[in-house]
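A quick write-up on the structure given underneath.
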Amino acid sequence: MSIPATQASIVLPENRIILGCGAVSVDFLAAVASYPNPDDKIRSTSFEVQGGGNTGNALTCAARLGLTPRIISKVADDSQGKGLLEELEADGVDSSFMVVSEGGNSPFTYIIVDNQTKTRTCIHTPGYPPMIPTDLSQSNLLSALDGAKLVYFDGRLHETAAIVAEECRQIEGVYPF
Numbered sequence: 193m194s195i196p197a198t199q200a201s202i203v204l205p206e207n208r209i210i211l212g213c214g215a216v217s218v219d220f221l222a223a224v225a226s227y228p229n230p231d232d233k234i235r236s237t238s239f240e241v242q243g244g245g246n247t248g249n250a251l252t253c254a255a256r257l258g259l260t261p262r263i264i265s266k267v268a269d270d271s272q273g274k275g276l277l278e279e280l281e282a283d284g285v286d287s288s289f290m291v292v293s294e295g296g297n298s299p300f301t302y303i304i305v306d307n308q309t310k311t312r313t314c315i316h317t318p319g320y321p322p323m324i325p326t327d328l329s330q331s332n333l334l335s336a337l338d339g340a341k342l343v344y345f346d347g348r349l350h351e352t353a354a355i356v357a358e359e360c361r362q363i364e365g366v367y368p369f
């Protein structure tokens, strides 16, 4: 069965708020002709820096589909963290519930794209200090959940996600996935 997805046939719910809890990252994407052997030195065929992370990507997609996403995650107050916050906001993701640590480093990932095999290799460096449940106040959590009908978890910030999921369980009409 096929339903044409034209602008006229798409009906969005009145309440479009989705909350995401999980990873954001700065992605350093380098494409190479083929993955190098140990000790090889090669040149990339292209290079790009952009925001990433499973939750960051999912919520950016949700915003582009017309939903109203909010995010719970953590970055540092470094240039990468500031860039991630700016990019999320520019993409339509409410980052007001993000935790910003003084000092430390924001998460980043080197992504090597092999043009020959059409595969990629990811080398992730977690942010420091890591997000812990006490980073998210009860009042911020309740504000983030206010009006949300759907909550997305990527499994990265599992301790914080457990707190968010428990709060979801107590609110009628909020569906965690």
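Residue numbers (this note's numbering): 193 to 369. Every residue gets a Cβ at the ideal spot worked out from N, C-alpha and C, and that includes glycine. These numbers were taken from a predicted model, which means no experiment stands behind them.
Chain-order list of residues whose beta-carbon lies under 7 Å from that of residue i (same chain, five-residue window excluded)
i	result
Arg208	Gly258, Leu259, Thr260
Arg348	Gly214, Ala215, Asn246
Ser236	Ala222, Ala223, Val224
Met193	In this prediction, Met193 has a pLDDT of 45, which is less than 50 and means its spatial position is unreliable; what the coordinates show is noted afterwards. Excluding residues within five positions, none has a Cβ falling inside 7 Å.
Neighbourhood of residue i by C-beta, 8 Å cutoff - its chain only, sequence neighbours within 5 removed
i	result
Leu337	Leu211, Val343, Val356, Glu359, Cys360, Ile363, Val366
Thr352	Cys213, Ile264, Met323, Ile324, Pro325, Asp327, Leu328
Gln272	Val218, Asn297, Ser298, Phe300
Asn307	Ala223, Val224, Ala225, Ser226, Thr237
Glu279	Gln242, Gly243
Cβ pair residue i, residue j closer than 8 Å
i	j	result
Gly275	Asn297	no
Phe300	Gly214	no
Ser287	Pro321	no
Val285	Thr309	no
Residue i versus residue j - alpha carbon distance
i	j	result
Asn332	Thr247	18 Å
Ile341	Val267	It is Lys, not Ile, that sits at residue 341 in the sequence shown. Distance between the alpha carbons of Lys341 and Val267 is about 25 Å.
Ala282	Gln242	13 Å
Ile234	Leu221	15 Å
Thr335	Gly244	With the sequence shown as reference, residue 335 is identified as Ser, and Thr is not the correct amino acid for it. Straight-line Cα distance between these residues: approximately 24 Å.
Gln330	Pro228	48 Å
Ile303	Gly339	36 Å
Glu240	Ala354	34 Å
Close-in-space but distant-in-sequence residues of the same chain around residue i (CB under 6 Å, 5 per side omitted)
i	result
Val305	Ala223, Arg312
Asp269	Val292, Glu294
Leu277	Ser287
Where residue i falls, given that 16 or more other Cβ within 10 Å makes a residue buried
i	result
Ile315	exposed
Ala225	exposed
Arg262	buried
Asn249	buried
Ala254	buried
Span of the alpha helix (DSSP H), counted from its first residue to its last, around residue i
i	result
Ala380	With the chain covering only 193 through 369, there is no way to say anything about residue 380.
Gln330	330 to 337
Terminal residues of the beta strand (DSSP E) in which residue i lies
i	result
Ile315	311 to 317
Glu240	238 to 244
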